[in-house]
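Here the protein sequences line up with chains A and B, keeping their order.
Using the working numbering, you'd call the opening residue of the first sequence number 189 and step up by one each time.
Using the working numbering, you'd call the opening residue of the second sequence number 710 and step up by one each time.
Cβ atoms here follow ideal geometry from the backbone N, Cα and C, with glycine treated the same way.
Contents: one structure, followed by commentary.
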Amino acid sequence: QQQVKQSPQSLIVQKGGISIINCAYENTAFDYFPWYQQFPGKGPALLIAIRPDVSEKKEGRFTISFNKSAKQFSLHIMDSQPGDSATYFCAASIGGLTGGGNKLTFGTGTQLKVEL
Amino acid sequence: GAVVSQHPSRVICKSGTSVKIECRSLDFQATTMFWYRQFPKQSLMLMATSNEGSKATYEQGVEKDKFLINHASLTLSTLTVTSAHPEDSSFYICSARAPGAQYFGPGTRLLVL
């Protein structure tokens, strides 16, 4: 009930291409869905987040698409760059406007490698 | 942006000793901090929620007496791994709660020999 499933486990994309990572959740009480980027040996950093009242949110090269009926959300990285090579985690929490500060359930992570 | 620090960044200790990890919110006050554990190439698993001035709330399966948490001020939470064993070796990450978000520290790598 509390799980967030993430795929793929790893992803290789050519420079300039689009990276797509998908997540699915079961708990319909989740109402805050962030994506985090983590470099080796570092803590996660918030990239972008969405709430279920919108279907898409874009910030620079990063876009979240959200499908409430399917209980799925995805991260799209446009014009992927070698510097984007990192591990990406989706997450979910409960709490509406304060959801970002609440207990997070993380997906299993996706190792992205952007090749030249 | 909000900054969270952790100290030490890396620690090696002998089996049976205790290790204390500090988590500080540098430019904001955090009544709530979270402690996570991460094994290599795995996800973050929430260990406990640390509340300033009260007892921590531990997740199921996390030993309270093994992982002691103290949140004595609005900017500092500590995690003490007591009587550490090799299986406690891991990457420990804290986060501090701000309005509508939480900010993560850089992590502490613990190696128990």
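Shortest Cα-Cα distance from Phe743(B) to any of Thr216(A), Lys259(A), Gly231(A), Asn215(A) involves Gly231(A). Under the 10 Å beta carbon count, Arg733(B) is surrounded by 16 or more other beta carbons and is classified as buried. Not one beta carbon of chain B lies nearer than 9 Å to the beta carbon of Ala258(A). Between Gly248(A) and chain B, the shortest Cβ-Cβ separation is not below 9 Å. Close CB contacts of Pro270(A) within its chain, under the 7 Å cut and outside five residues either way in sequence, are with Lys203, Val302, Leu304 (chain order). Comparing alpha-carbon positions, the option among Leu753(B), Glu796(B), Tyr812(B), Phe813(B) lying closest to Leu822(B) turns out to be Glu796(B). Taking the C-beta atoms as reference points, Tyr745(B) is found nearer than 9 Å to Ser804(B). Note on Pro717(B): under 16 other CB atoms within 10 angstroms of its CB, so exposed under the neighbour-count rule. Straight across, the Cα-Cα distance linking Ala781(B) with Glu761(B) is about 6 Å.
Closer than 9 Å at the C-beta level to chain B, one finds these residues of the region 231-244 of chain A: Gly231, Pro232, Ala233, Leu234, Ala237. In chain order, Ser792 place their CB closer than 6 Å to the CB of Gly725(B), counting only its own chain and leaving out the 5 sequence neighbours on each side.
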